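Participant: Just add 7 to the spot in the sequence shown (first one is 1) and you have our numbering. Note that CB positions come from ideal geometry on N, CA and C, so glycine has one too. The structure presented is a predicted model; accordingly, all values stated were derived computationally and were not measured.
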Amino acid sequence: MRTIPHWINGAPVTGGTDTIDVLNPATDRAIATVPMADSDTVAAAIAAGVAAFDGWSQATLSKRAHVLFRFRELLLQHRAELAALITAEHGKTLDDAAGEIARAADSIELACGGPALVRGGTSLQSGPNIDTKSVLHPLGVCVGITPFNFPAMMGMMMVSVALAAGNTFVWKPSEQDPGVCVRIAELFTEAGLPAGVLNVVHGRQDAVEHLIDSPDTEAVAFVGSSKVAHIVYQRAAAAGKRVQAFGGAKNHMVVMPDADLDVVADQLTSASFGAAGQRCMAISVAVVVGASAEPLLEKVRVRAEQVRLGAGDADGTEVGPVVSRQSQERIRAAIKEAVAGGATAVVDRSTEEVPGFEAGYFIGPTVLADVEVASAAYQDELFGPVLVVLRVDTLNAALELIRNHRYGNGASIFTRDGAAANEFERRASAGMIGVNVAIPVPVAAYAVQGWKDSAYGDTGLNNASWSFYTRPKYVTSRWDSVAGTDFGFRPN
Ligand code: NAD
Numbered sequence: 008m009r010t011i012p013h014w015i016n017g018a019p020v021t022g023g024t025d026t027i028d029v030l031n032p033a034t035d036r037a038i039a040t041v042p043m044a045d046s047d048t049v050a051a052a053i054a055a056g057v058a059a060f061d062g063w064s065q066a067t068l069s070k071r072a073h074v075l076f077r078f079r080e081l082l083l084q085h086r087a088e089l090a091a092l093i094t095a096e097h098g099k100t101l102d103d104a105a106g107e108i109a110r111a112a113d114s115i116e117l118a119c120g121g122p123a124l125v126r127g128g129t130s131l132q133s134g135p136n137i138d139t140k141s142v143l144h145p146l147g148v149c150v151g152i153t154p155f156n157f158p159a160m161m162g163m164m165m166v167s168v169a170l171a172a173g174n175t176f177v178w179k180p181s182e183q184d185p186g187v188c189v190r191i192a193e194l195f196t197e198a199g200l201p202a203g204v205l206n207v208v209h210g211r212q213d214a215v216e217h218l219i220d221s222p223d224t225e226a227v228a229f230v231g232s233s234k235v236a237h238i239v240y241q242r243a244a245a246a247g248k249r250v251q252a253f254g255g256a257k258n259h260m261v262v263m264p265d266a267d268l269d270v271v272a273d274q275l276t277s278a279s280f281g282a283a284g285q286r287c288m289a290i291s292v293a294v295v296v297g298a299s300a301e302p303l304l305e306k307v308r309v310r311a312e313q314v315r316l317g318a319g320d321a322d323g324t325e326v327g328p329v330v331s332r333q334s335q336e337r338i339r340a341a342i343k344e345a346v347a348g349g350a351t352a353v354v355d356r357s358t359e360e361v362p363g364f365e366a367g368y369f370i371g372p373t374v375l376a377d378v379e380v381a382s383a384a385y386q387d388e389l390f391g392p393v394l395v396v397l398r399v400d401t402l403n404a405a406l407e408l409i410r411n412h413r414y415g416n417g418a419s420i421f422t423r424d425g426a427a428a429n430e431f432e433r434r435a436s437a438g439m440i441g442v443n444v445a446i447p448v449p450v451a452a453y454a455v456q457g458w459k460d461s462a463y464g465d466t467g468l469n470n471a472s473w474s475f476y477t478r479p480k481y482v483t484s485r486w487d488s489v490a491g492t493d494f495g496f497r498p499n
């Protein structure tokens with residue numbers, strides 16, 4: 008069986024405490040093994056980053072950008088191969104996986120603009136014959152810890168800007184689908200990235216703690232569940248590191264009475280069940296304002312029943328399996344609990360099997376109505392193809408629901424009323440807002456950034472992370488000679 012190695016100092020390394028199997032979620036079969044880093048392996052990755060930092064940070068901005076340009080081309084050339092790796096380990100469809108690679112390429116494209124974007128400013132005559140300027144320095148070795156659901160894209164949202172700004176990087180991907188990350192590191196090497204600038208280590212909690220605690224790492228970026236995001240945020244802050252930690256979500260879509268229900272039903276079906284609901288921007292709650300709930304539920308029911316469940320690489324599959332047996336069991340238990348608690352299962356395909364793939368971790372689209380706001384089905388992130396539908400009388404009541412929820416990643420509204428859209432845009436308490444767009448992930452030129460328990464820290468990913476990956480220095484200078492002592496503190 009194939010071993011997915013660590014990637015340290017530009018080469019594969021297989022050391023570790025033990026290995027775990029990487030399973031194909033459609034078949035439950037092991038397709039590779041991956042070593043779990045021991046402390047020496049993590050230390051070697053950090054040391055490689057330290058050793059490479061001088062050279063990479065001194066390389067000109069355009070030399071760094073040239074590597075990123077070449078890498079972007081390789082990423083797109085290898086799109087089908089990378090998508091196949093993602094599908095085999097994650098379960099999502101090939102088409103969806105290819106879309107993930109395209110989004111990863113967007114982040115790299117942003118970072119290709121590093122020469123124009125990594126710069127400070129200068130003020131002439133900020134004092135008498137005095138100029139003040141700010142310059143941006145890279146930090147050193149940065150750390151990225153990423154989740155299973157976007158194994159390529161989340162890492163690229165970090166690595167892109169970090170490298171363009173002159174940092175080196177240690178990436179700790181999810182142990183559930185690590186194959187694509189190492190292939191990406193190989194492609195970076197092929198693109199001319201010097202050894203040690205990007206390192207990949209696989210591991211568990213102990214590896215993450217080592218990366219955070221090491222005196223040789225400077226910044227920690229994390230994406231995953233809110234529980235772990237909070238732990239990482241606290242630990243990195245306690246170690247004196249800068250940290251951005253992105254967590255879970257429960258994204259609401261508000262449906263106004265004037266919305267086109269066929270469009271809404273189409274959008275809800277793909278946004279709730281696509282990638283088996285395992286997107287941090289998936290819609291998991293529809294809040295229907297006014298009397299449209301019944302007709303909308305009927306339209307969603309028809310669509311949910313028709314969704315084609317299957318292996319991610321099989322022709323015609325629209326929704327693949329969830330990532331693990333553990334996820335499958337957890338989501339099924341949550342649906343059972345919701346129904347036992349009084350929810351109505353408008354559609355329940357949660358125990359459906361796929362012929363020929365009986366061992367796969369499939370969960371079919373499930374729609375729950377009459378869910379109590381206090382229940383776990385509404386409050387918790389289920390991270391599966393489960394849509395909760397709530398009814399309210401006013402936009403204000405919908406906004407209250409969003410405001411009171413612990414998560415605030417994304418929220419969207421479907422309406423033809425500009426005033427309602429405008430009010431929603433102003434008042435919805437989430438970081439990413441969609442108006443007639445179900446999954447409003449901003450382009451890389453903006454940022455990925457949630458609110459509340461969806462993100463700890465004040466910088467977003469992509470174009471909002473230049474300040475995270477650089478530190479400013481302020482230089483005050485004058486070149487005329489000023490004779491005579493002066494013990495005052497003069498105003499400018
Ligand atoms: P997870 O929190 O289980 O794991 C994320 C990473 O942390 C993995 O690399 C994992 O190995 C590591 N990890 C796990 N437990 C740890 C611990 N105790 N200490 C240190 N490291 C630990 O998340 P996941 O299941 O891989 O990913 C799904 C989650 O990610 C969902 O909650 C989803 O909403 C979230 N997510 C959020 C965003 C966003 O932009 N906010 C984007 C993608 C995914």
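Residues in its own chain within less than 6 Å of Thr-351 by CB, not counting five upstream and five downstream?
Facilitator: If we look at Thr-351 and ignore the five residues flanking it on each side, its Cβ neighbours are Ala-376 and Asp-377.
Participant: Between the beta-carbon of Thr-477 and the beta-carbon of Gln-251, is there less than 7 Å?
Facilitator: no
Participant: My output table needs one value for Val-504: the three-state DSSP class, helix, strand or coil.
Facilitator: Nothing about residue 504 can be reported from this structure: the residues present for the chain run from 8 to 499 only.
Participant: Hey, is the segment 107 to 115 in contact with the segment 225 to 233, meaning 3+ C-beta pairs nearer than 8 Å?
Facilitator: No, because fewer than three Cβ pairs between the segment 107 to 115 and the segment 225 to 233 fall closer than 8 Å, the two stretches do not touch.
Participant: Should Ile-15 and Asn-206 be called a contact, given that it needs their Cβ atoms to be closer than 7 Å?
Facilitator: yes
Participant: With distances taken between CB atoms, is the gap from Glu-524 to His-209 smaller than 7 Å?
Facilitator: The structure shown does not extend to residue 524, since the chain spans only 8 to 499, so no value can be given for it.
Participant: Judging by CA-CA distance, which residue of Leu-89, Gly-173, Met-161 and Val-125 is the nearest neighbour of Val-57?
Facilitator: Residue Gly-173 holds the alpha-carbon nearest to the alpha-carbon of Val-57 among Leu-89, Gly-173, Met-161 and Val-125.
Participant: From what residue to what residue does the beta strand (DSSP E) around Val-142 run?
Facilitator: Looking at the DSSP string, the run of the beta strand (DSSP E) that includes Val-142 is 137 to 145.
Participant: Taking the Cβ atom as the reference point for each residue, do Ala-91 and Val-168 lie within a distance shorter than 7 Å?
Facilitator: No. Outside cutoff.
Participant: How far does the alpha helix (DSSP H) with Thr-224 in it extend, from its first residue to its last?
Facilitator: Looking at the DSSP string, Thr-224 is not in any alpha helix (DSSP H); the run it does join, the beta strand (DSSP E), is 224 to 230.
Participant: Go through its chain and collect everything with a Cβ distance to Met-160's Cβ below 7 Å, but skip five positions before and after it.
Facilitator: Glu-107, Arg-110 and Ala-111
Participant: Alpha carbon to alpha carbon, what distance is there between Val-20 and Arg-332?
Facilitator: Distance from the CA atom of Arg-332 to the CA atom of Val-20, rounded to whole angstroms, is 29 Å.
Participant: The ligand NAD heavy atoms versus the CB of Phe-235: any closer than 6 Å?
Facilitator: For the sequence presented, residue 235 should be read as Val rather than Phe. Checking the Cβ of Val-235 against the ligand NAD gives yes.
Participant: Considering just the uninterrupted stretch of the beta strand (DSSP E) at Lys-480, what are its terminal residues?
Facilitator: 477 to 484
Participant: Using alpha carbons as the reference points, say which of Gly-22, Glu-305, Val-187 and Ile-137 lies closest to Pro-498.
Facilitator: Ile-137
Participant: Compare the C-beta of Phe-60 against all C-beta atoms of chain D and say whether one is closer than 7 Å.
Facilitator: Of the protein chains in the structure, only one exists, and it is not chain D.
Participant: Is Lys-179 buried or exposed, if buried means 16 or more other CB atoms sit within 10 Å of its CB?
Facilitator: Sixteen is the threshold: when 16 or more other Cβ atoms of the shown chains lie within 10 Å of the Cβ of Lys-179, as they do, the residue is buried.
Participant: Could you check where the alpha helix (DSSP H) with Val-330 kicks off and where it finishes?
Facilitator: First-last for Val-330: undefined, no H or E at that position.
Participant: Using a Cβ-based criterion (distance less than 6 Å to any ligand heavy atom), does Val-187 qualify as near the ligand NAD?
Facilitator: no
Participant: Buried or exposed, going by whether 16 or more other CB atoms sit within 10 Å of the CB of Pro-328?
Facilitator: buried
Participant: Please determine whether the Cβ atom of Phe-475 lies at a distance below 6 Å from any heavy atom of the ligand NAD.
Facilitator: no
Participant: Please say whether Glu-96 and Gly-255 have beta carbons closer to each other than 7 Å?
Facilitator: no
Participant: If you scan the segment 199 to 278 from start to end, which runs of the alpha helix (DSSP H) of 4 or more residues do you find wholly inside it?
Facilitator: 212 to 220 and 233 to 245
Participant: So the beta strand (DSSP E) Leu-101 belongs to, where does it begin and stop?
Facilitator: No beta strand (DSSP E) contains Leu-101, which is instead part of the alpha helix (DSSP H) from 101 to 119.
Participant: How many angstroms separate the CA atom of Gly-199 from the CA atom of Leu-68?
Facilitator: 14 Å
Participant: Would you mind reading off the limits of the alpha helix (DSSP H) that contains Leu-316?
Facilitator: Secondary structure note for Leu-316: it is in no alpha helix (DSSP H), with a DSSP letter that is neither H nor E.
Participant: What does Val-49 pair with, by DSSP beta-bridge criteria?
Facilitator: BP columns for Val-49 are empty, so no partner.
Participant: Does the beta-carbon of Ala-87 have 16 or more other beta-carbons within 10 angstroms, so that it is buried, or is it exposed?
Facilitator: exposed
Participant: So Gly-22 and Asp-47 are supposed to be a Cβ contact under 8 Å. How far apart are they, rounded?
Facilitator: Confirmed, about 7 Å.
Participant: Can the beta-carbon of Phe-280 be found closer than 7 Å to that of Val-307?
Facilitator: Between Phe-280 and Val-307, the CB-CB gap reaches or exceeds 7 Å.
Participant: Where Leu-402 and Val-262 are concerned, what is the direct C-alpha to C-alpha distance, given to the nearest angstrom?
Facilitator: 9 Å
Participant: Buried or exposed for Gly-302, going by 16 or more other Cβ atoms inside 10 Å?
Facilitator: In the sequence under discussion, the amino acid at residue 302 is Pro, which differs from the Gly named in the question. Counting Cβ neighbours within 10 Å, Pro-302 comes out exposed, since fewer than 16 surround it.
Participant: Sort Glu-430, Phe-421, Met-163 and Ala-243 by Cα distance to Asn-443 and report the nearest one.
Facilitator: Phe-421
Participant: Between Glu-379 and the rest of its own chain, which residues show a CB-CB distance below 8 Å, the 5 nearest in sequence each way excluded?
Facilitator: Gly-348, Gly-349, Ala-350 and Tyr-385
Participant: In terms of alpha-carbon separation, which member of Val-326, Ala-171 and Arg-211 lies closest to Glu-360?
Facilitator: Among Val-326, Ala-171 and Arg-211, the Cα nearest to that of Glu-360 belongs to Val-326.
Participant: Leu-124 to His-13, Cα distance in whole Å?
Facilitator: Their Cα atoms are separated by approximately 32 Å.
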